[in-house]
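Q: In this note's numbering, the protein residues as written are 3 to 387. Even glycine gets a Cβ: it sits at the ideal position worked out from N, Cα and C. Note that this is a predicted model, so its numbers are computed, not measured.
#1: Cutting at 7 Å between CB atoms, please list the residues of its own chain near residue 376, excluding the five before and the five after it.
#2: Per the DSSP calculation, residue 125 is bridged to which residue(s)?
#3: Just to confirm my understanding: we take residue 456, look at its own chain, exclude 5 residues before and 5 after, and list those with CB closer than 7 Å. What are they?
#4: By the DSSP assignment, the alpha helix (DSSP H) with residue 110 in it spans what residues?
#5: If you scan the segment 157 to 241 from start to end, which runs of the beta strand (DSSP E) of 3 or more residues do you find wholly inside it?
#6: With a Cβ-Cβ cutoff of 9 Å, do residue 125 and residue 109 count as a contact?
#7: To the nearest angstrom, how far is it from the Cα of residue 292 to the Cα of residue 28?
#8: Check for me: the beta strand (DSSP E) holding residue 75 runs from which residue to which?
#9: If you draw a straight line from the C-alpha of residue 294 to the C-alpha of residue 164, how long is it?
#10: Terminal residues of the continuous beta strand (DSSP E) containing residue 26?
#11: Determine the direct distance from the alpha carbon of residue 384 to that of residue 33, and round the result to whole angstroms.
#12: Would you mind reading off the limits of the alpha helix (DSSP H) that contains residue 312?
#13: Using DSSP bridges, identify the partner residues of residue 336.
#14: Under 8 Å: does the beta carbon of residue 290 sit that close to some heavy atom of the ligand FAD?
#15: Does the Cβ-Cβ distance between residue 81 and residue 265 come in under 9 Å?
#16: Quick one, which of 242, 357, 298 and 250 has its alpha-carbon nearest residue 204's?
#17: According to DSSP, simplified to helix, strand and coil, what is residue 67?
#18: Over the uninterrupted alpha helix (DSSP H) stretch that includes residue 280, give me the two end residues.
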């Protein structure tokens with residue numbers, strides 16, 4: 003069968019980068035578990051020299067991701083933070099970044115405690131406030147880095163407007179698209195330069211590997227990032243690439259179930275007296291609901307809820323039985339996370355509270371179990387508060 007790159011999303015999720023093996027006919031991409039390749043002579047090889055630079059299994063994943071994001075080039079990394087590190091390596095000492103103030107805590111830690119030591123500075127703003135984004139830009143700004151929906155408050159940022167601001171100021175624009183996945187949102191189609199993913203999450207979907215990715219359309223960025231991918235060396239192993247490819251084949255099926263379950267839970271939680279606030283873009287009361295409807299094809303599988311204080315949030319999280327208390331998100335199994343002490347522990351409390359989330363905030367990654375069982379578990383958690 004000849005694969006049509008203009009096929010629908012589900013078809014591309016299964017087939018892009020996944021042709022049958024030419025030697026054996028295997029329908030699954032082989033795991034090329036090798037560190038080096040035999041060369042035919044000095045300066046002559048089959049296109050592969052060393053596994054840090056090239057690996058056929060990794061290339062299959064990169065081609066697949068590029069297709070799903072409607073990009074031209076995909077680059078895979080050993081983790082989402084490794085992908086972010088490679089992106090930041092495009093910059094130099096003295097450069098400045100404008101970034102979403104409510105984003106994954108590990109990204110903030112990378113900016114604030116690692117790259118700051120090398121002369122890179124950052125200003126954190128509510129990226130849904132376009133005036134604040136523009137006001138934060140300085141002559142030294144080189145990158146606009148946004149997350150949408152954000153982690154964990156699910157703030158929605160207008161990607162077309164961010165791309166326009168970046169173009170006006172000749173900046174690189176990047177969007178962490180991990181929460182939405184390319185099934186629900188494709189930043190490059192809105193004019194964003196770089197789409198970033200933690201492939202650990204929804205793309206893999208089975209909580210059994212760690213990885214990251216950058217996808218771009220611009221040839222100049224692809225050339226620079228490909229050099230950095232090899233030079234920095236934070237590449238994934240072939241087995242992790244294979245696991246991500248395996249997971250992506252069912253991404254549309256899983257995302258439909260994730261968000262259907264999440265919507266039921268969010269609707270159940272509306273009006274619950276024990277909650278201070280409820281965050282889910284699919285609710286009409288969410289401030290980014292209308293933008294999310296225009297920009298996304300669904301609202302995702304994350305629901306965040308805020309209790310009155312840390313003790314109440316702790317009681318809820320520990321009262322759950324089906325939701326597992328754990329870091330991460332996006333797997334088929336439902337997880338509950340306490341961001342202030344887990345994923346965002348590296349973000350100072352004052353900054354967390356300034357962005358609007360407190361110690362009483364709990365984040366649910368709603369999985370693919372039966373909705374009735376998940377709802378019963380949420381009721382169990384509320385009863386413990």
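A: To lay it out plainly:
#1: 263, 267, 324, 336 and 368
#2: 100
#3: Past the edges of the chain, shown from 3 to 387, lies residue 456, and the structure says nothing about it.
#4: 107 to 111
#5: 174 to 178, 196 to 200 and 214 to 218
#6: no
#7: 45 Å
#8: 75 to 79
#9: 15 Å
#10: It is not in any beta strand (DSSP E) - residue 26 carries neither H nor E in the DSSP assignment.
#11: 45 Å
#12: 312 to 321
#13: Residue 336 is not bridged to any residue.
#14: The ligand FAD is absent from the structure shown, which contains no ligand whatsoever.
#15: no
#16: 250
#17: helix
#18: Looking at the DSSP string, residue 280 is not in any alpha helix (DSSP H); the run it does join, the beta strand (DSSP E), is 279 to 281.
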